[in-house]
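I have placed the structure first, in the form of structure tokens, so that the comments after it can refer back to it.
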Amino acid sequence: MSPTPIRCTLLVDDDPATNYLNRKLLQRLAVTGQVREALNGQEALHVLATSCTDPVAPACPDLIFLDVNMPVLNGFDFLAAYQQLPLARQQAIVIIMLTTSLHPADVARADALPVAGFLTKPLTAEKIAQVVQEHFGRANQER
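FYI, the numbering for the sequence shown is 1 to 143, going by full-length UniProt numbering.
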């Protein structure tokens, strides 16, 4: 059996049901070795701080699906804090923002941040396949 294209995926959404459904979808598609969850940007930063001391650690996410609107620390505030981490300079984590609508102001704001893409909810098999092909297709063969 071939290895999964992605070692670890981090789902960041304040809705546990959304995280559950996205986890099940990722597991069914077998594109990631591990799925981790955070309910807001602050929890996501904690996951990165504790899991990514070694950039090649299996629990350090290669991919983050990040909700825009969350309490405590929203997606944009997470990205601002993420840019301040040494991790941002050490390792490229693919960050895909998830939102209920592609509001032009949000898309424009994301352009200045380390975001690889912007997708509307819900996450689907087709959207995941697109992300994997675009960001992990060639890189996986070089690993």
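Backbone N, C-alpha and C fix where the C-beta goes; we use that ideal spot for every residue, glycine too.
Residue i - DSSP class collapsed to helix/strand/coil
{"i": "D67", "result": "strand"}
{"i": "I128", "result": "helix"}
{"i": "Y9", "result": "Correcting the residue identity first, residue 9 is Thr in this sequence and not Tyr. In this structure, T9 counts as strand in the three-state DSSP scheme."}
{"i": "T100", "result": "coil"}
{"i": "L119", "result": "strand"}
{"i": "T53", "result": "coil"}
{"i": "T4", "result": "coil"}
Neighbourhood of residue i by C-beta, 6 Å cutoff - its chain only, sequence neighbours within 5 removed
{"i": "G117", "result": "I96"}
{"i": "L73", "result": "N40, G41 and Q42"}
C-alpha distance - residue i paired with residue j, whole-angstrom precision
{"i": "L119", "j": "P71", "result": "20 Å"}
{"i": "Q133", "j": "T124", "result": "14 Å"}
{"i": "G33", "j": "Y82", "result": "23 Å"}
{"i": "V35", "j": "I93", "result": "14 Å"}
For residue i, the residue or residues it bridges with in DSSP
{"i": "E37", "result": "L11"}
{"i": "I95", "result": "I64"}
Close-in-space but distant-in-sequence residues of the same chain around residue i (CB under 7 Å, 5 per side omitted)
{"i": "V47", "result": "L10, R36 and A38"}
query: When the Cβ atoms of the stretch 4-13 are set against those of the stretch 61-68, are three or more pairs found closer than 8 Å?
result: Yes, the stretch 4-13 touches the stretch 61-68.
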